[in-house]
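>
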Amino acid sequence: MKKGQIYEGMVEHVSFPNKCVVAVEGEEKKVIVKNALEGQKVQFRLSKARKGKCEGNLLEVLEPSPIELTGEEIPCQHFGACGGCTYQHLSYENQLALKEKQIKELLAPVIEAAGTDFDAIFEGVMASPKQFAYRNKMEFSFGDTCKDGDLALGMHKRGSFYDIVTVSDCQIVDEDFRKILTASLAYFASKNISYFHKNTHEGYLRHLLVRKAAKTGEILVDLVTTTQLQRPDEAFCNADGTPDMVAIAFHHAEARIKGEYIHEEVLLEGFVKTLTALELDGTIAGILHTHNDSVADVVKDEGTDILYGVGYFYEELLGLRFQISPFSFFQTNSLGAEVLYDVARNYVGELDAANGEGAVVYDLYSGTGTIAQILAPVAKKVIGVEIVEEAVEAAKENAALNGLCNCEFLAGDVLKVLDDITEKPDFIVLDPPRDGIHPKALEKIIDYGVDRMVYISCKPTSLARDLEVLQARGYQVDRVRCVDMFPATVHVETVVLLSRKDK
Numbered sequence: 003m004k005k006g007q008i009y010e011g012m013v014e015h016v017s018f019p020n021k022c023v024v025a026v027e028g029e030e031k032k033v034i035v036k037n038a039l040e041g042q043k044v045q046f047r048l049s050k051a052r053k054g055k056c057e058g059n060l061l062e063v064l065e066p067s068p069i070e071l072t073g074e075e076i077p078c079q080h081f082g083a084c085g086g087c088t089y090q091h092l093s094y095e096n097q098l099a100l101k102e103k104q105i106k107e108l109l110a111p112v113i114e115a116a117g118t119d120f121d122a123i124f125e126g127v128m129a130s131p132k133q134f135a136y137r138n139k140m141e142f143s144f145g146d147t148c149k150d151g152d153l154a155l156g157m158h159k160r161g162s163f164y165d166i167v168t169v170s171d172c173q174i175v176d177e178d179f180r181k182i183l184t185a186s187l188a189y190f191a192s193k194n195i196s197y198f199h200k201n202t203h204e205g206y207l208r209h210l211l212v213r214k215a216a217k218t219g220e221i222l223v224d225l226v227t228t229t230q231l232q233r234p235d236e237a238f239c240n241a242d243g244t245p246d247m248v249a250i251a252f253h254h255a256e257a258r259i260k261g262e263y264i265h266e267e268v269l270l271e272g273f274v275k276t277l278t279a280l281e282l283d284g285t286i287a288g289i290l291h292t293h294n295d296s297v298a299d300v301v302k303d304e305g306t307d308i309l310y311g312v313g314y315f316y317e318e319l320l321g322l323r324f325q326i327s328p329f330s331f332f333q334t335n336s337l338g339a340e341v342l343y344d345v346a347r348n349y350v351g352e353l354d355a356a357n358g359e360g361a362v363v364y365d366l367y368s369g370t371g372t373i374a375q376i377l378a379p380v381a382k383k384v385i386g387v388e389i390v391e392e393a394v395e396a397a398k399e400n401a402a403l404n405g406l407c408n409c410e411f412l413a414g415d416v417l418k419v420l421d422d423i424t425e426k427p428d429f430i431v432l433d434p435p436r437d438g439i440h441p442k443a444l445e446k447i448i449d450y451g452v453d454r455m456v457y458i459s460c461k462p463t464s465l466a467r468d469l470e471v472l473q474a475r476g477y478q479v480d481r482v483r484c485v486d487m488f489p490a491t492v493h494v495e496t497v498v499l500l501s502r503k504d505k
């Protein structure tokens, strides 16, 4: 097989995450192709062929899979063009079955190698309470659908770094998100406002961040732009570099005559009026404006102003109340998060320490402290450790908001902070980022020798690696349950209960 050549083959298997194994007739080597389904016949271009590994880029589905939805059966009209979802063309039942199969393939060999029957402890995949309109946060990007095309606002086109698909009918958010997206796009398009071009680093509009609470219905909107409307162009500067105010005023007046609102303050006032005039199911708590002049294609806060209302909103989980800002980490599926944390709380069970005075709990990689606050009422003390300082401050504020006095949150790397904590844990909860736990940090965690711990994972491949170490160091897996927090995507959360074998 030669790189750059086009081949056809059948998809034999799909491994996590979205790795589709394709068999080509007459060829011994299998090819990994993304964005396909088991049972499809596909056409692909070979992109890599080295060290015994072959990868290809999907060009066309020649024959559908027997389990695949087609045509009008697919719930989202943007699926295929938009890169946001992977499995909109699968029924939800088949999505869950696929994720369960992938979890078993990854975890069963690891757990059974340690002498535990995986089928006896695996409790399946719990569905998200909502298959559609489940997301409470979206980061939409400004751009164009093709080079020099009309202004677009939405998600990146599948496989493209530049092109944007206007997802005005996106099904993983509710109608309020869609109304805000459509109104924002129409407003800025009518004013001929340019978007930030990744190559030239010129342009104003970058992202539109929308967050909505599932329980309170409060909405926060954040427009992310460059500061280029604030900075006078070189053409409007004097020889010494100072702004030529006469030239700038004339330029603004000319722009107004053309119907182009170049003056940023006026432009943003119009934006606020556009959004506040919408008829929404929820209530807009705040409209913000964030500056970001970074060349990286990320949402970065280089200063945020409140244009309307306040700079936060409230969400509720399992009887607790949380204040959330534009950049706060919070699970993007609020109702799904309740299911996930309820599973974790159930796995934790009773928390009385051996001395009967109540347990000290470590919540490592604690984020905004959601798990810590859920466990606080049944613990003597909960100590959360999180590397993101903003998340730590949010955790402290939310604990105070919920009247919890036995939570302590520390900012820093778990690997280093553990050395500074004098109180030893009776129970440990682990909720690490996608890459899992640093090997040295994992060794320190194991050395505490707690009887039981709960590991919450957002990436099963990282979980499998860490379980090998935990089992080799004396822990056994007692229970495993997954929660589908992200329908139509490849992702799944996994909760594991471990205990010491010698206890």
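The sequence shown runs 3 to 505 under this note's numbering. Where is the CB? At the ideal position from N, CA and C, for every residue including glycine.
1) In or out: GLN7 buried (at least 16 other Cβ within 10 Å) or exposed?
2) For LEU210, does the three-state DSSP call read helix, strand or coil?
3) Tell me whether the region 161 to 180 and the region 276 to 285 touch, counting them as touching only if at least three CB pairs, one residue from each stretch, are closer than 8 Å.
4) Report the option in VAL312, GLN473, TYR189 whose CA atom is closest to the CA atom of SER501.
5) Given a cut-off of 7 Å on the beta-carbon distance, is the pair PHE329 and ASP307 in contact?
6) Drop a sphere of 10 angstroms on the beta-carbon of GLU220, count the other beta-carbons inside from all chains shown, and report buried for 16 or more, exposed for fewer.
7) Taking only the alpha-carbon atoms, compute the straight-line gap between LYS101 and VAL127 and give it to the nearest angstrom.
8) Looking at ALA374 and ILE458, is the spacing between their C-beta atoms short of 7 Å?
9) May I ask you to list the residues that DSSP assigns as paired with GLU317?
10) If the criterion is Cβ atoms closer than 7 Å, does the pair GLY41 and ARG160 meet it?
11) Of all the beta strand (DSSP E) runs that stay within the bounds of the region 55 to 85, which reach a length of 3 or more residues?
12) Taking the alpha-carbon positions, what's the TYR367 to THR218 distance?
13) Is it buried or exposed, SER143, if we count other Cβ atoms within 10 angstroms and call 16 or more buried?
14) Taking LYS4 as the reference, give the member of ARG52, ARG481, LEU309, GLN45 with the closest Cα.
15) Where does SER162 land, buried or exposed, given buried means 16+ other C-beta within 10 angstroms?
16) Which class does VAL300 belong to by DSSP, given the choice of helix, strand or coil?
17) For PRO434, tell me which candidate among ASN201, GLY369, ILE326 has the shortest Cα-Cα distance.
18) Using 7 Å as the threshold, is the C-beta distance between HIS209 and GLU141 below it?
19) Alpha carbon to alpha carbon, how far is ARG137 from GLU340?
20) Is the separation between the beta-carbon of LEU342 and that of VAL431 shorter than 7 Å?
21) Which value, in whole angstroms, describes the spacing of the CA atoms of GLY419 and TYR450?
22) State yes or no: is the C-beta of LYS382 nearer than 6 Å to some heavy atom of the ligand PLP?
23) If we ignore side chains and look at the alpha-carbon of each, how far apart do VAL350 and ASP365 end up?
24) Would you mind listing the beta strand (DSSP E) stretches within the region 118 to 206 that are 3+ residues and don't spill past its ends, in chain order?
25) VAL274 to THR292, Cα distance in whole Å?
26) In the structure shown, what three-state DSSP assignment does VAL387 receive?
27) Ignore the nearest five residues each way along the sequence and tell me which others in GLY338's own chain have a CB closer than 6 Å to its CB.
28) Looking at the structure shown, is LYS503 part of a helix, part of a strand, or coil, going by DSSP?
29) Drop a sphere of 10 angstroms on the beta-carbon of LEU319, count the other beta-carbons inside from all chains shown, and report buried for 16 or more, exposed for fewer.
30) Kindly identify the DSSP beta-bridge partner or partners of PHE429.
31) Do three or more CB pairs link the region 421 to 428 to the region 467 to 482 at distances below 8 Å?
This is what the structure holds:
1) exposed
2) strand
3) yes
4) Nearest to SER501 by alpha-carbon distance, out of VAL312, GLN473, TYR189, is GLN473.
5) no
6) buried
7) 8 Å
8) no
9) PHE324
10) no
11) 55 to 65
12) 27 Å
13) buried
14) ARG52
15) exposed
16) coil
17) GLY369
18) yes
19) 13 Å
20) Against a cut-off of 7 Å, the Cβ pair of VAL431 and LEU342 comes out as no contact.
21) A small correction: the amino acid at residue 419 is Val; Gly does not occupy that position in the sequence shown. Approximately 14 Å, taken between the alpha carbons.
22) Of ligands this structure carries none, so the ligand PLP is not represented either.
23) 12 Å
24) 124 to 128, 139 to 146, 153 to 158
25) 14 Å
26) strand
27) SER130, MET487
28) coil
29) Buried, because 16 or more other Cβ atoms sit within 10 Å of the Cβ of LEU319.
30) VAL363
31) no
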